[in-house]
Amino acid sequence: MTKTDTYVAVLCDVIASRRLAPAPRAKLQREIRASLGAFNARWRRHLVGRFALTRGDEFECLLDSAEPVWEIAHGVRSRFTAVDWIIACGRGPLATRAFPRALAPELDGPCFHAARAALEAAKAGRRVFAFGGFGERLDALAAYYSALYWSWTPRQRRVANHLRFYDFPVALEKLGVHPTAVSHMKRRLAWPLVAAGDTMFQAALREAS
Numbered sequence: 212m213t214k215t216d217t218y219v220a221v222l223c224d225v226i227a228s229r230r231l232a233p234a235p236r237a238k239l240q241r242e243i244r245a246s247l248g249a250f251n252a253r254w255r256r257h258l259v260g261r262f263a264l265t266r267g268d269e270f271e272c273l274l275d276s277a278e279p280v281w282e283i284a285h286g287v288r289s290r291f292t293a294v295d296w297i298i299a300c301g302r303g304p305l306a307t308r309a310f311p312r313a314l315a316p317e318l319d320g321p322c323f324h325a326a327r328a329a330l331e332a333a334k335a336g337r338r339v340f341a342f343g344g345f346g347e348r349l350d351a352l353a354a355y356y357s358a359l360y361w362s363w364t365p366r367q368r369r370v371a372n373h374l375r376f377y378d379f380p381v382a383l384e385k386l387g388v389h390p391t392a393v394s395h396m397k398r399r400l401a402w403p404l405v406a407a408g409d410t411m412f413q414a415a416l417r418e419a420s
């Protein structure tokens with residue numbers, strides 16, 4: 212398998228979406244649909260298959276590499292903060308031919324199958340990040356990330372997601388809190404250790420690209 216025929220399928224799925232009341236679930240689905248255009252614009256240079264809804268509360272894209280996976284994951288988590296997400300990634304070839312402006316659901320192949328298998332395994336293992344076809348290092352980092360995620364309160368998760376995606380001043384504005392409150396939260400989260408783990412995770416994704 213060469214660099215040119217290896218792709219990364221990304222599935223973004225709401226955890227326990229069926230437990231949401233009808234009105235909040237419908238609102239979430241409207242917000243997802245309204246956000247896909249912005250996602251396609253932001254990550255267009257990496258997209259082989261554009262972001263599109265697949266199963267109501269799930270959407271997907273196809274990338275030319277793993278490089279933007281970290282940013283996409285936290286773009287999703289920081290935009291839709293009322294729910295928790297599994298971000299499942301599969302690496303491999305396509306069985307269909309890519310074409311300009313294709314939507315991800317119009318394409319198929321082993322990369323999508325690996326992402327789907329990773330998603331199902333993540334549901335069983337209570338993981339919020341999952342990988343198929345990437346090797347043991349990213350599997351271990353995803354397990355660490357998920358354990359840390361579930362050890363936090365919902366408020367701590369929201370703060371962490373914003374700090375991971377936005378520059379600090381923008382994160383403060385989005386969170387609507389005073390800088391001292393975020394500084395206190397970062398101490399509670401042992402943020403230097405979190406940031407060190409994040410750096411390792413991002414380095415592993417770059418190496419997989």
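Following this note's numbering, the numbering of the sequence shown begins with 212 at its first residue and continues without gaps. Virtual Cβ for every residue (Gly too), placed ideally from N, Cα, C. In this text the structure is predicted, and so the values were computed from the model without any measurement.
- W402 sits away from V339, with the two beta carbons spaced by 8 Å or more.
- In this structure, A354 sits away from G343, with a CB-CB distance that is not shorter than 8 Å.
- A contact is defined here as three or more CB-CB pairs under 8 Å, and the region 328-337 fails this definition with respect to the region 276-295.
- Bounds of the beta strand (DSSP E) holding V225 are Y218 to V225.
- In the three-state DSSP reduction, L264 falls in the strand class (E or B).
- Runs of beta strand (DSSP E) with 3 or more residues, each lying fully within the region 279-336, are found at 296-303, listed in chain order.
- Counting other Cβ atoms within 10 Å of its Cβ, H389 stays below 16 and is therefore classed as exposed.
- Counting the other Cβ atoms within 10 Å of the Cβ of T217 gives 16 or more, which makes it buried.
- Counting along the chain, no alpha helix (DSSP H) covers F345, and no H or E run does either.
- If you draw a straight line from the Cα of F323 to the Cα of R261, it is about 14 Å long.
- Residue nearest to F291 within the set H257, T265, A245 and L258 is A245 (criterion: CA-CA distance).
- DSSP links L258 through a beta bridge to L274.
- Proximity of the region 352-372 to the region 409-417 meets the contact definition, three or more beta-carbon pairs being nearer than 8 Å.
- Bounds of the alpha helix (DSSP H) holding R244 are P233 to R253.
- I283 places its beta carbon less than 8 Å from that of W254.
- Residues of the same chain with a CB within less than 8 Å of the CB of A293, apart from the 5 flanking positions on each side, are P235 and L239 in chain order.
- Counting only the Cα atoms, E347 lies some 14 Å from C300.
- With respect to the 8 Å criterion, P316 and T265 are classified as neighbours on the basis of their beta carbons.
- In terms of Cα proximity to I226, the closest of T364, P380, A335 and G248 is A335.
- With 16 or more other Cβ atoms from the protein chains shown falling within 10 Å of its own Cβ, M396 counts as buried.
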